[in-house]
Every structure is written in C-alpha cells, then in structure tokens.
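Protein chains in written order, with our numbering: chain Z, 72 to 216; chain P, 72 to 216; chain H, 72 to 216; chain W, 72 to 216. Note that beta-carbon positions come from the ideal geometry of N, C-alpha and C, so glycine has one too. Please read all numbers here as calculations on a predicted model, not as lab measurements.
4 protein chains.
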Amino acid sequence: MTATVVSRNLTAEAAFTAVKAAVEAGAEVGVAVNAAVTDAGGNLIAFLRADGAFLPSGKIAQDKAYTAAGFKLPSGALFDALKGEPAVLTGITTQPRVAAFPGGLPIWDGPHLVGAIGVSGASAEQDDACARAGINAIGLGPNQE
Amino acid sequence: MTATVVSRNLTAEAAFTAVKAAVEAGAEVGVAVNAAVTDAGGNLIAFLRADGAFLPSGKIAQDKAYTAAGFKLPSGALFDALKGEPAVLTGITTQPRVAAFPGGLPIWDGPHLVGAIGVSGASAEQDDACARAGINAIGLGPNQE
Amino acid sequence: MTATVVSRNLTAEAAFTAVKAAVEAGAEVGVAVNAAVTDAGGNLIAFLRADGAFLPSGKIAQDKAYTAAGFKLPSGALFDALKGEPAVLTGITTQPRVAAFPGGLPIWDGPHLVGAIGVSGASAEQDDACARAGINAIGLGPNQE
Amino acid sequence: MTATVVSRNLTAEAAFTAVKAAVEAGAEVGVAVNAAVTDAGGNLIAFLRADGAFLPSGKIAQDKAYTAAGFKLPSGALFDALKGEPAVLTGITTQPRVAAFPGGLPIWDGPHLVGAIGVSGASAEQDDACARAGINAIGLGPNQE
C-alpha cells in the first residue's frame, strides 16, 4: 500500500506577492478589486481588498479561488463546461463557495496544482486579467505543463 | 393504533463496499470521483475521495446521496420532474444539501428504500455509472420492486 | 522568492484502510464508532459509521480529524494545553469544526503531517484507541519524527 | 437634522503592511501565525497565513479582528469585562465571529476607530505581541487618544 503522495503548495510569500500584484493591476486600469490566494486544498493564504472595492466581492474573490483550486480550472471555464447541461449547471453553481464565473485561475508549478487566485470587483475580463497579473508576478502559470 | 413501522437500512459493510466499488469504477475509466452512501434517513454511512478528485465534489457527492434518499429517486430525475415548474425548480434546487443532477441513486431492497449513493467528480454519465457500480457491488438495485 | 513548498498527503487507499481499522477496533471491544480521515489540509478523504453508532458522532469524528490536522496535535491535547487559560479555551472550543477532546490524532510520515484521523462514539479512551488502531493499520504514526 | 457623520478607515496599503509586519514579528520569535486586518466596520481588508501556521487559526484571526473592531477593545479584554456575568459571557462568546481572547486589537487614529487587527496561531502573549507589531508598523495605536 502506498500511504502518502507528494504534493506542492504555494508559500505565504508567493501568495502575498500575487494578491498585491493583482490589486495593483486593477489600479493601473482604474478598478478597485479584491484578490484572494488559496493553497491547493482551498484554504486561504492571502487576501487584499483595494480601497473602495465592492464589499461582497471580497467573499466572491475567495470563492473564485476555492473554485479554481477545487476544480483545477479557471472559474469561468467551469460555467462554459456545464452550460449545455442545465441540471448540472444549476446544481454546481448553487453550491456554497462555488463561484463559476471569470476571475478565478488555478496556479500550476509545472505538473503540480499549487493553489489558486480569485479576483472580484471589476468586469469579468478585468478580474481575469488581474488574476493573471497575480500569477505572472510569482513566475508560475495558470495551465498545467 | 399502529405505533411503529418496520424499516430497513444498509449496513456499514455494504456502504463501505459500495463507495469502494464506485471509486474503482471511476478509476477503470480514468476518472477520480468522490462517493458517498447514506442510510434511508439521509445520514452518511461511508465516504471515499479518490486521489486527485475535485474537492468541492466531496460535498456534492454527499448532497446527491442525501437528495436521492430524501426524494426516493435518482438525483437527476428530480430536476427533470420539476423543470416544467420554474418556481418549484428554483425553490428545491437552492435548498441546502439538495443536488438535483445526475450521480445520486436511491438504493432499494425490493420494496424498501434502504439508503442512497452519490458520486461526483466526472461527467454526469460517468458519475451515474459509478453510482450504479456501487449498488451492483452490494447486490441491490436503484429501483423499487 | 521561493514560490512553492513540497508537502505530503495520505492516499485514498490509506485513508480507507484507516477508517476500516478504526471501526473494527471498536467492534472488537464492543463499541460502535464513527471514523473519519482528512488530508493535511483538513479535507475529508474517507469516512465510516459502524452499524448502530451515534449519529451526531459522525460530524464529531470529522471535526476531531479536522482539529488534529489543523492544530497538528491530538484533539485532547489541545484542551489540556489551553485549560489554564479560560478565555482562550472558550474561544477555541466554540469555533466551528473544532473538537478539542480525545479521539482525534494527527498522522505523521516522519517529519511530514500527512493527515489526521478522528473517531467518535465511545468513551474518550476507546475513541483514542480506535484512532491509534487506524493509524497503525497504515504503518504511520501520531507523532512527528 | 445632522444626517451624516465623518468616519475614518484604514487604507489597503496600511492593512497590507500591518498583516505582513505581524507575520514577520511571529517569524522573529519562531512562531507561524495568521494575521487579519479589518476596517472599522469589521470587513476584511487584508489577510496572511504564514507557512505552516495552524489552519483553523486563519478564521480565528479574522474573528479576533472583527471582535476588536466591533467592540472597540482588545479581544482579550472583552472576556475579562464579562467574566463576572456568566450568562452574558456565554451569550457573547458563543456568537458567530466573536473571539473573546487575546490577539485582537482595535486600531485607533487619535479619537477615531479605523479598524482592527487579529493574530492567531501562537500563545496568547505572542499573538498579542504580533498584533501590536502590526499596528506599530503603520504608525497608529491600539488605544483611543
């Protein structure tokens, strides 16, 4: 029996750098966003809400990160994958902590899922761009390699 | 006055066998699933999450089993039964612990509902097939007889 | 910047073996227990409720495992560590999912926390003994080495 | 009629600096802590979990900050203030999000409550010292002046 498997997780330093970069990316285009980074198990490591960012979007940013970490794909892609099946779409999108819309991206270190980032507070495209900026800042990527 | 009725429930041994068989059925087709078995009262007896299975699907598997046990029908059939009545559909599918999409099956021992199984982590068809494999492994069925 | 750290987690096979062994250890001394195993991040991997085991103890077993994984020590030791400080004791023991009483043990693979097991349904001593039996069955230990 | 009052709140920059300083203060004495900063309304602005910090303490840090902001006093002082009145003590300490034990401090800018910081993961004294370090780093104080 193989009792354990090796996994990999983001450090606090990386998570902190990512949320800061995501919020700054928002500021550069004039939007105030919330950014959250979780580990691969969906537990929050770092969070930052920009001055003036929408309050409910703080939880949404955390939910997007949880969703991207839990399903190992962009939170918006989850919706796209399910939109042809109304029962499944309704069932999954109404789960607590699941946020199946753009702004959440998994974070991969080569073949290892190491966490996820969620951004909320601006348009879908802007949230997504801020999430990418957060991942770029730590030298990792949103796709498995 | 008739004060009591006889009921019938799955044993721990059967529940354990069923979740194991469901997870193995997933592995055989290359998917990592979560499987949960409840008694007829919707209380969890056994649960198993395959290595690498989606984390949010753990709760969803439990919700599907609860839904199938509670409504005494396949979790996907619940959605179909309600889709002509939008108010009812919304009201029921947004209830906590209700998951009205494929992957949950009631477990019958002849005329008796004895529990339910829920599987989540793959496609609707695959989840459903894994749930059936779980029931088959204990010699019972998903239909009342 | 170090972006990621290596960690280690229990496999589904090990978790499944452990909950089965814990329930069997209870049966050997005539008690019906619930057993739960989580990964190092506190997420449920496997669960089993013995025939006739107390229903509320199912959640308690899960909470004990979460507590042992989260605080990296036996759930009963958490209470002992805090009992001289009433404010802290009250504050921590009333947190959701925290169960600071015997029956939860962390699972270590040498220097790595890889998960935890929680058992509930019998006396404190019996719950603890069943948890140890679960860990023994997978060749790991409740102490960091 | 006076329809509005002026209030004052921490900036994102200050909150971010404070959680970083609190986590670093923990690292200097060899403990891994979670740190959270809220605004005066108890809404999370910034959060950081050190590598290896206890997972349940992430929520506790947030609860301590909410408690300090909400009651405008150190979270440990709340317990002391109520301990002569058991009914009140029980009633308040069992409220969701209330954590009445050391590690949470209000943040004042002269006469204005502008937010709060909560730290959790080490001893009561260490959590409190880390919270103070967080406030010091932004040039504000834990007492109204």
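Those residues which DSSP pairs with residue i across a bridge
i, result
"H:Phe118", "P:Phe118, H:Ala107"
"Z:Ile188", "Z:Val108, Z:Leu176"
"W:Leu81", "Answer is none; W:Leu81 lacks a bridge partner."
"H:Gly212", "H:Trp179"
Candidates the options, of which the one nearest residue i by Cα
i, options, result
"P:Asp110", "P:Ala74, P:Pro145, P:Ile188", "P:Ile188"
"W:Ser194", "W:Ala208, W:Gly112, W:Phe125", "W:Phe125"
"H:Gln133", "H:Asp122, H:Asn105, H:Thr75", "H:Asn105"
"W:Lys130", "W:Gln215, W:Gln197, W:Arg203, W:Val190", "W:Val190"
"Z:Val94", "Z:Arg168, Z:Ala204, Z:Gln215, Z:Ala170", "Z:Ala204"
"H:Ala107", "H:Glu196, H:His183, H:Gly210, H:Ile178", "H:Ile178"
"H:Ala74", "Z:Val77, Z:Thr73, Z:Leu81", "Z:Leu81"
"H:Met72", "Z:Phe142, Z:Ala83, Z:Thr138", "Z:Ala83"
"H:Gln222", "H:Gly97, H:Ala139, H:Ile206", "Outside the displayed range of chain H (72 to 216) lies residue 222 of chain H, so it cannot be described from this structure."
"H:Ala221", "H:Ala92, H:Val76, H:Ala86, H:Gly155", "This structure does not reach residue 221 of chain H, given that chain H is present from 72 up to 216, and the question cannot be answered."
"P:Ser146", "Z:Pro173, Z:Gly175, Z:Ala158", "Z:Ala158"
"P:Gly113", "P:Val102, P:Val77, P:Leu144, P:Ala103", "P:Leu144"
"H:Leu184", "H:Lys135, H:Ala85, H:Gln215, H:Thr138", "H:Gln215"
"P:Asn207", "P:Phe172, P:Leu115, P:Thr88, P:Arg79", "P:Thr88"
"P:Ala121", "P:Thr165, P:Ala148, P:Val90, P:Thr138", "P:Val90"
"P:Pro213", "P:Gly101, P:Phe142, P:Val169", "P:Phe142"
"Z:Pro173", "Z:Glu99, Z:Asp151, Z:Pro167, Z:Ile163", "Z:Asp151"
"H:Gly210", "H:Gly192, H:Asp180, H:Ala202", "H:Asp180"
"P:Ala171", "Z:Gly155, Z:Ala86, Z:Leu160", "Z:Leu160"
"P:Gly101", "P:Gly123, P:Ala86, P:Ile116", "P:Gly123"
"Z:Thr164", "P:Ser128, P:Leu119, P:Ala117", "P:Ser128"
"H:Tyr137", "H:Ala103, H:Lys154, H:Gly175", "H:Gly175"
"P:Leu77", "P:Gly192, P:Pro182, P:Ala202", "Sequence inspection shows Val at residue 77 of chain P; the Leu mentioned does not correspond to that position. Checked all of P:Gly192, P:Pro182, P:Ala202; the closest Cα to P:Val77 is P:Pro182."
"W:Gly186", "W:Ala140, W:Gly162, W:Ala85", "W:Ala140"
Minimum Cβ-Cβ distance from residue i to chain H less than 8 Å
i, result
"P:Asp122", "yes"
"P:Gly129", "yes"
"W:Phe150", "yes"
"W:Gly147", "yes"
"P:Leu153", "no"
Test: residue i CB closer than 8 Å to a CB of chain W
i, result
"H:Phe142", "yes"
"Z:Thr82", "yes"
"Z:Leu119", "yes"
Test: residue i CB closer than 8 Å to a CB of chain P
i, result
"H:Gly174", "no"
"Z:Glu156", "yes"
"Z:Val76", "yes"
"H:Leu126", "yes"
Cutoff 8 Å: residue i Cβ touching any chain Z Cβ
i, result
"P:Lys91", "no"
"H:Ala139", "no"
"H:Asp217", "There is simply no residue 217 of chain H to check, as chain H begins at 72 and stops at 216 in what is shown."
"W:Val94", "yes"
"H:Ala98", "no"
Three-state class that DSSP yields for residue i in the structure shown
i, result
"Z:Gly129", "helix"
"H:Val76", "strand"
"P:Gly205", "helix"
"W:Gln197", "helix"
"H:Glu99", "helix"
"H:Lys154", "coil"
"Z:Val169", "coil"
"P:Gly147", "helix"
"W:Ala89", "helix"
"Z:Ala140", "helix"
"H:Gly113", "coil"
"P:Gly162", "helix"
heavy atom of the ligand COA below 7 Å from residue i C-beta
i, result
"P:Thr138", "Here there are no bound small molecules, and the ligand COA is not part of this structure."
- Query: Relative to chain H, which residues along the stretch 104-117 of chain Z have a C-beta separation below 8 Å, given in chain order?
  - Reply: Asp110, Ala111, Gly112, Gly113, Asn114
- Contact set between the stretch 186-212 of chain H and chain Z, restricted to residues whose Cβ is under 7 Å from the partner: Ile209, Gly210, Leu211
- Message: If the cut-off is 9 Å on Cβ atoms, which residues from the stretch 158-171 of chain H count as contacting chain W, listed in chain order?
- Response: Ala158, Val159, Leu160, Thr161, Gly162, Ile163, Thr165, Gln166, Pro167, Arg168, Val169
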